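Trainee: Have a look at this one.
Residue numbers (the UniProt record's numbering): 1 to 120.
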């Protein structure tokens, strides 16, 4: 099976990010479980990867359209609902590499305003 995870990128302007996520049990051997280095990502990201024991998670920002800082506001691992319970989940699309979603969060995703205040 797969587990579902949510990542909130800072979204108080129109910037976008690229990143990848790796997991490890010993901080020596890392396995990439999500590759968003070739896509532009904004706001809430839904990440799905194979169910497995994990001790360490490394989120690496590779690009920001505004500056050189990566802003991870919130990471939920695992998310409250599993991939099998997502209404639109398709195992072939829910892979770590293909599971990119952006825009307005669905009802199952926490509201970003609950965790972040944007000031202009």
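Note that beta-carbon positions come from the ideal geometry of N, C-alpha and C, so glycine has one too. Small disclaimer: the values here were computed from a predicted structure and weren't measured.
Looking at residue 31 and residue 65, is the spacing between their C-beta atoms short of 7 Å?
Mentor: As a working mapping, residue 65 is identified with position 65 in the chain shown. As a working mapping, residue 31 is identified with position 31 in the chain shown. No, these two residues do not count as a Cβ contact at 7 Å.
Trainee: Could you check what DSSP says for residue 93 in three-state terms: helix, strand or coil?
Mentor: The residue given as residue 93 occupies position 93 in the chain shown. Since pLDDT at residue 93 reaches only 31, below the 50 mark, its modelled position is unreliable, and the value read off the structure follows with that caveat. In the three-state reduction of the DSSP assignment, residue 93 falls in the coil class, being assigned neither a helical nor a strand state.
Trainee: Any idea what DSSP makes of residue 52, helix, strand or coil?
Mentor: Start at 1 with the first residue of the chain shown, and residue 52 comes out as number 52. If DSSP states are grouped into helix, strand and coil, residue 52 belongs with coil.
Trainee: When the Cα of residue 68 is compared with those of 4, 6, 2 and 17, which residue comes out closest?
Mentor: Here residue 68 corresponds to residue number 68 of the chain shown, with the count starting at 1. Nearest of 4, 6, 2 and 17 to residue 68, Cα basis: 17.
Trainee: As a quick exercise: from 70, 77 and 78, pick the residue whose alpha carbon is nearest that of residue 10.
Mentor: Start at 1 with the first residue of the chain shown, and residue 10 comes out as number 10. Residue 70 is the option with its Cα nearest to residue 10.
Trainee: Please report the distance separating the alpha-carbon of residue 54 from that of residue 62.
Mentor: Against the chain shown, residue 54 aligns to sequence position 54. Against the chain shown, residue 62 aligns to sequence position 62. Roughly 22 Å between the two C-alpha positions.
Trainee: Please classify residue 28 as buried or exposed, where buried requires at least 16 neighbouring CB atoms within 10 angstroms.
Mentor: Reading the chain shown from its first residue, position 28 is the one you call residue 28. Answer is exposed; the Cβ neighbour count stays below 16.
Trainee: Rounded to the nearest angstrom, what separates residue 1 and residue 78 at their Cα positions?
Mentor: In the chain shown, counting from the first residue as 1, residue 1 sits at position 1. In the chain shown, counting from the first residue as 1, residue 78 sits at position 78. Using only the alpha carbons, I get a separation of about 13 Å.
Trainee: Quick one: measure Cβ to Cβ for residue 19 and residue 36, integer angstroms, because I've assumed they're closer than 8 Å.
Mentor: By 1-based counting over the chain shown, the position of residue 19 is 19. By 1-based counting over the chain shown, the position of residue 36 is 36. Their Cβ separation, rounded to whole angstroms, is 5 Å, which keeps residue 19 and residue 36 in contact under 8 Å.
Trainee: What is the DSSP secondary structure of residue 19, counted as helix, strand or coil?
Mentor: If you number the chain shown from 1, residue 19 lands on position 19. The answer is strand: DSSP assigns residue 19 an E or B state.
Trainee: With the cut-off set at 7 Å, would you say residue 7 and residue 75 are in Cβ contact?
Mentor: Residue numbering aside, residue 7 sits at position 7 when the chain shown is read from its first letter. Residue numbering aside, residue 75 sits at position 75 when the chain shown is read from its first letter. It is a contact, given that the beta carbons lie within the stated cut-off.
Trainee: So is residue 60 buried or exposed if we call it buried at 16+ other beta carbons inside 10 Å?
Mentor: Numbered from its first residue, the chain shown carries residue 60 at position 60. By the 10 Å Cβ count, residue 60 comes out exposed.
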